[in-house]
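Chains as they are written, first to last, in our numbering: chain A, 1 to 331; chain B, 1 to 331.
Next up, the structure:
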């Protein structure tokens, strides 16, 4: 059962804001979230530069509120609602960073958030979501059960669904990090983000090309969840697959609008094995001194693997999050 | 055999620059190292603030060149030399961050660095020092052997000894981080640094009180190496002790000028157990997303332990370094 089927359902029901955001909407999002989001630093490392033979600029979204870029999109969605909508709250289904981000974003506006979580989700993550003030709704660990529960919560509360990635408001929010990065670093030649559902990659593509249409765009995807790479290769979106990767943030099927954005912005997706990602993660911890989660490390693994694309260039790498179980490191 | 005896020897031989730096010398140091050192960011965490009930500003020297504040002092010492002295190079004995920092600082001036290291030192650290271009001199793992070897290298090469902490140039360099911090954060009420040999604590005390004589100064020391706390309590410096702590950066006996600086600047030293430090380290990794070494975590452990000193105040905490063996974390 793929995330796609849910998106199709929701699109039919008219509940999903599925189109792509414009560059202007990303600029509006930046203004909208500015009072709440952190302007994250950009870090560099002479050793990592030397290793790749490029000028690497790491955008540290592990230092974003909630420890991940997801707060940007959730915050933009929450503050895009009119007062009547807002009063009815927001809902999503995610046991990961998006659920936590939506809970935190709702708290900034003082509105209710409902997060549907499957039985068996990591307890620490659920505690964080509850601590942020959201109401948890437990359901069976299947996609169908999650959607049914989210729909039920919507019916009961009138709350607004904020999809983790196939939502223009969310994509616009994620894209704001590129506006920041391109103010912090002049004349980037290339940008690379991880690709999961594609909310980040698509928002960043639109933002980057809104500023510099010549900027080269790359995505990094685990070999065990390379649906975006395969979809781009065959020119049409794969509609179902089974993820097999340690990168828990990148297991989703790429969304339909997200795929269209990657295709139209000529994003090249590089696939990396989990072993390559874990080695890259350790290097980032050691040299950059940043706690980043495994999904974040795919971008550096990809740059190391295909350095011919990056050598001699000024490259932005988005480190997406730092929510790691310190008692279960992958090395 | 204590570091103190070595200092006394060297002072008698006129080789050690043992006095305290003035505030002006710290300002000069800041200008001197500016082309080479990193202006490190100051990070915050709403959760850690809430935990302590204070406004915590973490100065991230784990992001300094070489992964530790030590580069500041070493760089100031190297660039304080006149050309004739510089041509003969520099020498120190340290298998830790100072050895690496001196090697890196010497490289910025294109001069030779000699680092005396005891047999049995961590191989990764020695490789880093060699990679930075220094000449390693191995000796038996006793303080006497280290000093003898350093003296021998000095005789053979005419190189300048740069002591890790009982050196005014080094103290002045370490103090520059406070000039930065107090530009980055207005109206700090209190500052806390770890205390080992005291180069950092003394340089920071002079810098801080040069700007704001009312600023409250704190040090954090492992219970198993609490010579500074004991020395301050009895009003005279302990001259020998045996360290027993996991905090490898804080095992040195406090230097004589360093002790005088702490005493005259009314620095209050808080002692923390290794267990408290490890718990604080994990919290810093989890909430601040920073890879910091165990010695760095003493400051946060001290603030957590004696929060009555800090509640409601704006506190600067110096995270001294991030050079950690990721395969041997202490939890």
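For each residue, glycine too, the CB sits at the ideal point set by N, CA and C.
Among the residues of its own chain, which have a CB less than 7 Å from the CB of residue i, if the five just before and after it don't count?
i	result
residue 241(A)	227, 253
residue 184(A)	42
residue 331(A)	278, 282
residue 272(B)	220, 222, 223, 298, 301, 302, 305
residue 211(A)	182
residue 109(A)	78, 79, 86
residue 121(A)	95
residue 263(B)	232
residue 267(A)	201, 205, 217, 218, 219
Rounded to the nearest angstrom, what separates residue i and residue j at their Cα positions?
i	j	result
residue 382(A)	residue 324(B)	With chain A represented from 1 up to 331, any question about residue 382(A) goes unanswered, as that position is not in the structure.
residue 137(B)	residue 93(B)	9 Å
residue 57(A)	residue 49(A)	9 Å
residue 259(A)	residue 327(A)	35 Å
residue 205(B)	residue 81(A)	51 Å
residue 201(B)	residue 133(B)	29 Å
residue 234(A)	residue 225(A)	16 Å
residue 162(B)	residue 53(A)	33 Å
residue 113(B)	residue 63(B)	23 Å
residue 85(A)	residue 247(A)	34 Å
residue 255(A)	residue 51(B)	39 Å
residue 217(A)	residue 307(A)	14 Å
residue 55(A)	residue 317(A)	10 Å
residue 287(A)	residue 67(B)	8 Å
residue 192(A)	residue 61(B)	27 Å
residue 111(B)	residue 128(B)	17 Å
residue 83(A)	residue 179(A)	28 Å
residue 199(A)	residue 35(B)	40 Å
residue 237(A)	residue 230(A)	8 Å
residue 135(B)	residue 98(B)	14 Å
residue 27(A)	residue 106(A)	21 Å
residue 33(A)	residue 166(A)	19 Å
residue 125(B)	residue 239(B)	29 Å
residue 103(A)	residue 31(A)	20 Å
residue 101(B)	residue 37(B)	11 Å
residue 280(A)	residue 186(B)	38 Å
Using a Cβ-Cβ cutoff of less than 6 Å, which residues in the same chain neighbour residue i once the five nearest sequence positions on both sides are dropped?
i	result
residue 29(B)	76, 172, 173, 176
residue 149(A)	116, 137, 139
residue 46(B)	none
residue 196(A)	249, 250, 252
residue 292(B)	62, 284, 319, 322
residue 25(A)	172
residue 244(B)	224
residue 40(B)	60, 61, 63, 64
residue 311(A)	53, 54
Which class does residue i belong to by DSSP, given the choice of helix, strand or coil?
i	result
residue 222(A)	strand
residue 41(B)	coil
residue 23(A)	helix
residue 246(A)	coil
residue 78(B)	helix
residue 152(B)	helix
residue 69(B)	coil
residue 163(B)	coil
residue 269(B)	strand
residue 310(B)	coil
residue 254(A)	coil
residue 290(B)	strand
residue 188(B)	coil
residue 50(B)	helix
residue 241(B)	coil
residue 193(B)	strand
residue 132(A)	coil
Going by the C-beta, is residue i closer than 7 Å to any heavy atom of the ligand NAD?
i	result
residue 111(B)	No copy of the ligand NAD occurs in the structure displayed, which carries no ligand at all.
Ignore the nearest five residues each way along the sequence and tell me which others in residue i's own chain have a CB closer than 8 Å to its CB.
i	result
residue 21(B)	29, 168, 169, 171, 172, 175, 203, 206
residue 9(A)	Only weak support is given to the placement of residue 9(A): the predicted model assigns it a pLDDT of 44, under 50, and the value that follows is read from those uncertain coordinates. So the qualifying residues of the chain are 147.
residue 215(A)	188, 189, 190, 191, 208, 209
Kindly give me the distance between the Cβ atoms of residue i and residue j, rounded to whole angstroms, as I take these residues to be in contact under 8 Å.
i	j	result
residue 232(B)	residue 269(B)	6 Å
residue 19(B)	residue 257(B)	6 Å
residue 44(A)	residue 188(A)	Contact flag wrong, Cβ pair sits at about 13 Å.
residue 91(A)	residue 154(A)	6 Å
residue 152(A)	residue 88(A)	Contact doesn't hold; Cβ gap of about 15 Å is too wide.
residue 290(B)	residue 289(A)	6 Å
*Say whether the stretch 297 to 313 of chain B touches the stretch 71 to 89 of chain A, bearing in mind that this needs 3 or more beta-carbon pairs closer than 8 Å, one atom from each stretch.*
no
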